[in-house]
Amino acid sequence: MAAAPPRAPGAGDGEGSDGGGPAPRAGREAPGREIVRAAMAAAGGEQQQMLTQRLKAAVHYTVGCLCQEVEEDKDVQFSKQSIAAISEITFRQCEIFAKDLEMFARHAKRTTVTTEDVKLLARRSKSLLKYITQKSEELASSNMEQKEKKKKKSSAAKGERTGEQEAAMTENEDSNMA
1 MAAAPPRAPG AGDGEGSDGG GPAPRAGREA PGREIVRAAM AAAGGEQQQM LTQRLKAAVH
61 YTVGCLCQEV EEDKDVQFSK QSIAAISEIT FRQCEIFAKD LEMFARHAKR TTVTTEDVKL
121 LARRSKSLLK YITQKSEELA SSNMEQKEKK KKKSSAAKGE RTGEQEAAMT ENEDSNMA
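Residue numbers for the sequence shown follow the UniProt record's numbering, so the first one is 1 and each next one is one higher.
Okay, here's the thing in structure tokens:
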């Protein structure tokens with residue numbers, strides 16, 4: 001039995017040079033296919049970068065509005081540089097929070113971030129944890145109330161249909177007797 005020829009690192013193990021799929025094999029793909037993939041990845045990267053810039057702008061605007069409120073309440077002034085620094089720190093912290101929440105969900109073998117993940121994230125700040133727990137309980141009770149209303153509505157609608165059907169049947173039976 002002949003030994004298999006040595007393979008280059010990454011060849012045939014399901015990882016291509018871009019890490020996004022199987023490595024292209026000679027003679028199986030059209031030569032322009034790799035160029036198209038690279039162009040699509042670049043376009044996706046540009047779109048991602050554009051979305052990130054829009055998010056940063058939104059965070060900067062919100063921080064600016066909050067700083068204006070504080071300026072009015074406390075009679076202090078914020079420089080444009082300090083607002084920009086607060087915005088950048090806030091954005092970076094939000095990125096860290098998003099990654100942490102994703103990892104908490106993944107650790108629990110879920111693909112959805114839950115309120116429990118958010119509570120876990122806020123566990124070091126007692127006041128924030130208390131606030132998040134309170135809001136979580138309010139949302140849960142509100143959801144339960146909505147579910148109960150839907151149940152009552154659907155059961156009432158089913159009851160009305162049954163009553164209408166019975167009336168139609170009675171009317172039909174009466175017309176058959178005549």
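Positions of the beta carbon are idealized from the N, C-alpha and C atoms, including for glycine. Predicted, not measured: the structure shown is a model, and the values here were computed from it.
Cα-Cα separation, residue i to residue j
| i | j | result |
| --- | --- | --- |
| S87 | V59 | 6 Å |
| T62 | R54 | 12 Å |
| K158 | S142 | 24 Å |
| E71 | F91 | 22 Å |
| G21 | K153 | Summary for G21: the model assigns pLDDT 48, below 50, so the residue's position carries little reliability; its value from the coordinates is reported in the next sentence. Taking the straight line from one Cα to the other gives about 50 Å. |
| A23 | K126 | Low per-residue confidence applies at A23: pLDDT is 49, beneath 50, and the placement is therefore not dependable, though the value from the model is reported in the following sentence. Computed Cα separation, rounded: 50 Å. |
| K150 | A140 | 15 Å |
| A156 | E138 | 27 Å |
| Q81 | M103 | 33 Å |
| A42 | E145 | 48 Å |
| K109 | V76 | 47 Å |
| E69 | K56 | 20 Å |
| K130 | A98 | 20 Å |
| R123 | K147 | 30 Å |
| D45 | H107 | Reading off the sequence shown, one finds Gly at residue 45, where the question assumed Asp. About 28 Å. |
| T52 | D73 | 32 Å |
| I132 | I96 | 18 Å |
| Q47 | Q134 | 37 Å |
Beta carbon of residue i nearer than 8 Å to that of residue j
| i | j | result |
| --- | --- | --- |
| C94 | F78 | no |
| V113 | A105 | yes |
| S136 | T111 | no |
| L101 | L121 | yes |
| G64 | I89 | no |
Coil, strand or helix - residue i by DSSP
| i | result |
| --- | --- |
| V76 | coil |
| A105 | helix |
| S125 | coil |
| V113 | coil |
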